[in-house]
Each structure stands twice: as C-alpha cells, then as structure tokens.
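Those letters in the sequence shown? Residues 3 to 329, per the numbering used here, in order. The next block holds one structure in the form of structure tokens; read it before the comments.
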Amino acid sequence: MAATLYNPFKQFQFDSDICFLTGNKLQSEEESIQVFPVWMMKSFQLEDKPFKMLDENLVTYKSLKLPCSITAAEAIEQMERVVEQSFEQGYEAVKQLDPLLLFQWMTKIIYGVVFNEILAGIRQQKASGQDMNFSQALAQRFTNLHAMLQSLVVPMEFENTFPFSLVVVPVKNAPDTFMYRDEINTLIFSIRMKDFAVIACLQDNATNNIYHEDILKVIAGKTLHPIQFEELCARYFYSAYLFNRLPDYTYLNTPQKVYVEPMPLADMSMKPIFDHWQNKTYGQVLENFWKPWGLTLFEIIKNPEHPISFLVDEAGEFVTDIARPLN
3 MAATLYNPFK
13 QFQFDSDICF
23 LTGNKLQSEE
33 ESIQVFPVWM
43 MKSFQLEDKP
53 FKMLDENLVT
63 YKSLKLPCSI
73 TAAEAIEQME
83 RVVEQSFEQG
93 YEAVKQLDPL
103 LLFQWMTKII
113 YGVVFNEILA
123 GIRQQKASGQ
133 DMNFSQALAQ
143 RFTNLHAMLQ
153 SLVVPMEFEN
163 TFPFSLVVVP
173 VKNAPDTFMY
183 RDEINTLIFS
193 IRMKDFAVIA
203 CLQDNATNNI
213 YHEDILKVIA
223 GKTLHPIQFE
233 ELCARYFYSA
243 YLFNRLPDYT
253 YLNTPQKVYV
263 EPMPLADMSM
273 KPIFDHWQNK
283 TYGQVLENFW
293 KPWGLTLFEI
303 IKNPEHPISF
313 LVDEAGEFVT
323 DIARPLN
C-alpha cells in the first residue's frame with residue numbers, strides 16, 4: 003500500500019481533537035505539544051513572554067500549542083532532542099546538522115504559528131458571523147509546507163533539490179542573546195542565539211541562496227558581528243518578499259516512500275524570479291532590523307544608490323572592524 007499524506011487544508015480541518023500532523027483522531031485534548039521547544043523556552047525564559055499574532059493580539063510563547071498524537075509527538079521529540087544537543091554545543095555542531103532535520107525543526111515551529119493563527123481566525127469568524135477569508139496562494143504554500151513536515155513520520159525523498167534555502171553562520175553574540183523572527187506570508191525564519199544564527203527560506207527551492215551568492219562568498223568563513231547578521235537577515239527577508247513565484251511540487255506515493263519533486267519555477271512570461279530590488283524599501287527593512295543600534299532610514303539611505311553596509315566596504319571587502327555594541 004502506498005504511503006499517503008494528510009492535507010488539513012482540503013476540508014479546512016483544524017480541530018483540537020485531530021492530530022495536526024497525521025490527521026488521526028486524538029483520545030483526549032491533553033494530547034498536545036508546544037509550538038516552541040520546551041528546552042528553548044526554559045533556556046531563555048520565554049514561557050510568559052509576549053508573542054504578537056497577526057491580529058496584533060498578544061499571547062504567551064507557552065500558550066501556543068499543537069494537537070498531536072503520541073506517535074507523532076515521539077517523532078518530533080526525537081528530532082528536537084538532536085537539534086537541542088547541537089544548539090547547546092553551538093555553531094560547530096549546528097553547521098554539521100542534517101539540513102533536512104534543521105528544516106523539519108524550523109517548519110514545525112513556523113507551521114505551529116500558522117496553525118494557531120488559523121485557529122484565531124476561525125474564532126474571529128465565528129464571533130463575527132463572517133466567512134473565513136483565506137488566500138488560495140497561502141493555502142498552497144501551507145499545504146506544501148505541511149506535506150513536507152510529514153517527512154517526520156512518512157519516509158520521504160526530495161528529488162533534484164531541497165525545497166529550501168538555509169544559511170548557518172557564526173555570530174559574536176552577547177551572552178543570553180535570543181532573537182527569533184518569522185514571516186508566515188513568505189515562509190522565512192531566522193534565529194540568533196549562543197554563537198550562531200540561522201536563516202531559512204522554507205519554500206523557495208534554494209533560489210534565495212543563489213540570489214545572495216555574492217555576499218555569501220564574502221562572509222564565508224567569517225564570524226559576524228550581530229549588526230552584520232541583522233543586515234544579512236534583512237537582505238534575505240527583503241528578497242523573500244521580492245520572490246514572485248508560487249512553488250509547487252509533485253508527490254509520488256509508493257509503498258516505500260513519498261518522492262517530492264519541485265515543479266520548474268520558470269513560467270511562460272519569462273519574468274525574472276525576483277521583482278526589482280528597491281533600496282528605499284530595503285532601507286526600511288534594515289531600519290527595522292537595526293533598531294537595537296538606533297540607525298534611522300535617513301542615515302541608511304543617505305546615499306540612495308549605496309545604502310550603508312556593515313558587511314562590505316566600498317571595495318566589496320568584508321568589514322572586520324565594527325565599533326558597535328553586541329546587541
């Protein structure tokens with residue numbers, strides 16, 4: 003019998019008595035897991051810290067949960083244990099992690115946030131008596147993300163390329179640093195802690211890494227100052243916004259495993275895969291990411307053709323001397 007995947011978006015099935023990952027009926031509402039790993043929340047005292055939802059409502063990190071069967075929870079726990087051990091050791095261990103494992107770990111968190119956003123939307127819809135307005139493009143993105151997350155419980159092979167871009171870099175962080183960001187519309191994720199940081203575009207077929215290959219060559223083998231990482235992060239978050247394709251995949255179910263193959267991103271219009279980069283908009287993203295250092299948009303784009311950079315100097319060389327605090 004061929005392996006099959008569960009699609010909660012088909013019937014829009016988001017109930018507390020159905021496992022978020024497998025679709026199996028749960029025995030009790032106690033069968034649930036945290037969206038953010040318990041070890042991470044404890045390490046950085048996140049449990050009761052505020053987490054802002056899309057509707058501007060503030061909840062706590064520990065209030066974000068997923069209904070989850072015992073079997074799926076065991077698979078997730080096994081994955082999280084490996085990631086926890088690597089994160090505890092730091093950059094050298096994290097860069098050795100299987101990229102697919104890191105993808106699963108990040109996808110579980112960002113999909114967990116998506117799941118809770120959908121539940122909040124359903125509650126609002128019931129209260130207002132209006133229909134749930136859900137973008138078909140977002141539904142397609144989330145369906146594919148959820149399908150790939152099932153690689154935790156269903157044997158799965160990604161053909162030709164992984165569906166994601168992943169960057170792991172060493173960073174000279176201040177002690178007890180914890181910086182998490184996500185953007186669920188573009189499915190990009192970043193985390194900065196200990197002596198490393200990670201950026202992942204979770205559904206771009208590795209195109210953002212190709213887009214940024216010049217800067218990745220410049221920083222290869224270098225330890226970044228936090229302000230440099232935030233600049234790199236801003237570049238990725240902005241390019242994820244400029245990425246104008248809606249990736250799709252074919253899933254071949256066989257008795258042994260599910261084969262996942264990306265569809266070509268090129269379309270009949272021959273339009274570039276990324277929209278035109280605009281320095282003013284990029285400067286606004288940078289201003290937000292550089293808030294800890296207080297740089298204004300005016301300072302950042304004083305020269306509109308060349309926004310300020312702490313990553314590269316005017317000759318395109320890596321900047322090594324930065325007199326800024328390790329925020």
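Virtual Cβ for every residue (Gly too), placed ideally from N, Cα, C.
In the DSSP assignment, residue 184 forms a beta bridge with 191. Taking the C-beta atoms as reference points, residue 37 is found nearer than 8 Å to residue 68.
For residue 264 and residue 216, the gap between their C-alpha atoms comes out near 25 Å.
For residue 174, there is no enclosing beta strand (DSSP E), as DSSP gives it neither H nor E. Distance between residue 90 and residue 226, taken at the CA atoms: about 19 Å. Residue 202 sits close to residue 167, with the two beta carbons spaced by under 8 Å. Residue 247 and residue 287 have their C-alpha atoms some 21 Å from each other. DSSP places residue 104 in the uninterrupted alpha helix (DSSP H) bounded by 101 to 130. Straight-line spacing of the CA atoms in residue 106 and residue 318 works out to 35 Å. Under DSSP, no beta-bridge partner is assigned to residue 9. For residue 136 against residue 220, the beta-carbon gap comes to about 41 Å, at or over 8 Å, which does not count as contact.
In the displayed model, residue 311 falls within coil according to three-state DSSP, outside both helix and strand. Look at the segment 50 to 109 and you find these whole runs of alpha helix (DSSP H), each 4 residues long or longer: 72 to 91, 93 to 96.
Under the DSSP assignment, residue 288 falls outside any beta strand (DSSP E), being part of the alpha helix (DSSP H) whose first and last residues are 281 to 291.
DSSP lists 203 as the bridge partner or partners of residue 167.
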